[in-house]
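Here the structure comes first, spelled out in structure tokens, and everything after it is commentary.
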Amino acid sequence: MQFFSRIYQTYIGSHIPFFAAALAYYALFSLMPLLFLLVGVFGFMLRGNTELEQAFLSRLAELTVLLFPTQPEIAQRLVTFLTKGAVPITFASLLVLLWASSNFFAALAYALGVIFGKTKPRLELEFSLTQVVTAYDPHPARRWLDQGLRRLGVLRGRIAALMAPLLLGLAIILLALLGLGFSFVLRYLPPGLDVLRGGLELILPILGGFLLFLFTYALLPSPAPKLSSALLAAALAALTWEGMRLGLPLLIPRTQYEVIYGPIAGFLLALVGFYLTMWILLCGAVVAKVFSETPAFKE
Numbered sequence: 495m496q497f498f499s500r501i502y503q504t505y506i507g508s509h510i511p512f513f514a515a516a517l518a519y520y521a522l523f524s525l526m527p528l529l530f531l532l533v534g535v536f537g538f539m540l541r542g543n544t545e546l547e548q549a550f551l552s553r554l555a556e557l558t559v560l561l562f563p564t565q566p567e568i569a570q571r572l573v574t575f576l577t578k579g580a581v582p583i584t585f586a587s588l589l590v591l592l593w594a595s596s597n598f599f600a601a602l603a604y605a606l607g608v609i610f611g612k613t614k615p616r617l618e619l620e621f622s623l624t625q626v627v628t629a630y631d632p633h634p635a636r637r638w639l640d641q642g643l644r645r646l647g648v649l650r651g652r653i654a655a656l657m658a659p660l661l662l663g664l665a666i667i668l669l670a671l672l673g674l675g676f677s678f679v680l681r682y683l684p685p686g687l688d689v690l691r692g693g694l695e696l697i698l699p700i701l702g703g704f705l706l707f708l709f710t711y712a713l714l715p716s717p718a719p720k721l722s723s724a725l726l727a728a729a730l731a732a733l734t735w736e737g738m739r740l741g742l743p744l745l746i747p748r749t750q751y752e753v754i755y756g757p758i759a760g761f762l763l764a765l766v767g768f769y770l771t772m773w774i775l776l777c778g779a780v781v782a783k784v785f786s787e788t789p790a791f792k793e
């Protein structure tokens, strides 16, 4: 009972629902530039393939005539905009995506820092001793050196924040490609190995979620939990997330949401999914912290 009491106290003191809701909104905001990035990539595809451009223009013209009978030229203007604006759209959306995703990971790292008991920026702790030593040193060169080190630390932190989403995004892409490769191989298994096919289809999503939760718990928090604690917390979070992924469509059917909320039903369902995902991730961090403080896991 004491173990669960510590989990509850840590959960209450870390404001998990508040951070989960904030991170869910931030995650949706971070995905918006991705839509423009896909539009820019599609513009590049149209520029490099004349047949695809003509086919897309013909289909778009048919849709435009149905929606805007008095303005059929909208289709040609849209295709021209996509082909000519592919470079600026892609470049601008990529920059905004990097900025938004880096801020999202910074907010996630801050929330994990609150859970693990460290809310001050790492830079303040790194240079606190230097500030004490140089506070009474009037030499200008020493002060300039201290200011340069501070700015270098800020720049290093910003570069790390920009690279973190790229690395984690690359890990997600690699895991997705690995899953697609396994699913392709599973189709050509002999008929007698249907049990193996079903087992792998069940295990692979859980394994992918486990690795992502483990990377998050091992890399973002400061101080980081023990590896054994991170492994157990990632396993619990992955199993909970898999249950949420399978059970949420049964509890909240999309058709009922579409009847009630209309066109925004998809947005609301995505928001609910992001909120539950962030809540599971932060609750896993709470479990990892309590496990790290348990004497059996300190050794």
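FYI, the numbering for the sequence shown is 495 to 793, going by the numbering used here.
Note that the Cβ used here is the ideal one computed from N, Cα and C, for glycine as well.
Source: prediction; values computed, not measured.
Which residue wins for smallest C-alpha separation from residue i, given the options the options?
i, options, result
"residue 596", "546, 783 and 525", "525"
"residue 579", "717, 699, 539 and 763", "539"
"residue 764", "778, 784, 738 and 731", "738"
"residue 600", "589, 584 and 521", "521"
"residue 531", "610, 703 and 591", "591"
"residue 736", "699, 507, 716 and 717", "699"
"residue 703", "743, 775, 537 and 717", "775"
"residue 786", "561, 742, 557 and 717", "717"
"residue 602", "762, 711 and 722", "711"
"residue 720", "767, 740, 788 and 598", "788"
"residue 528", "587, 713, 766 and 744", "587"
"residue 536", "701, 761, 766 and 582", "582"
"residue 571", "561, 554 and 519", "554"
"residue 761", "509, 576, 498 and 523", "523"
"residue 610", "741, 534 and 713", "713"
"residue 598", "744, 534 and 519", "519"
"residue 577", "534, 562, 696 and 559", "534"
"residue 573", "562, 544, 561 and 589", "544"
- Item | Inter-stretch contact (C-beta, 8 Å, three-pair minimum) for the segment 770 to 779 and the segment 504 to 514 | The segment 770 to 779 is in contact with the segment 504 to 514.
- Item | Contained alpha helix (DSSP H) runs [length at least 4] in the segment 499 to 587, N- to C-terminal order | 510 to 542, 544 to 561 and 568 to 578
- Message: Three or more C-beta pairs under 8 Å: does that hold for the segment 599 to 612 against the segment 562 to 569?
- Response: no
- Would you say the segment 703 to 713 touches the segment 725 to 736, given that touching needs at least three Cβ pairs under 8 Å? yes
- Report yes or no: do the segment 775 to 784 and the segment 719 to 728 share at least 3 C-beta pairs separated by less than 8 Å? yes
- Message: Could you check whether the segment 547 to 555 touches the segment 501 to 508, counting it as contact only if at least three pairs of C-beta atoms, one from each stretch, sit closer than 8 Å?
- Response: no
- Return the chain-ordered ranges of every beta strand (DSSP E) run that is complete within the segment 698 to 738 and spans a minimum of 3 residues. none
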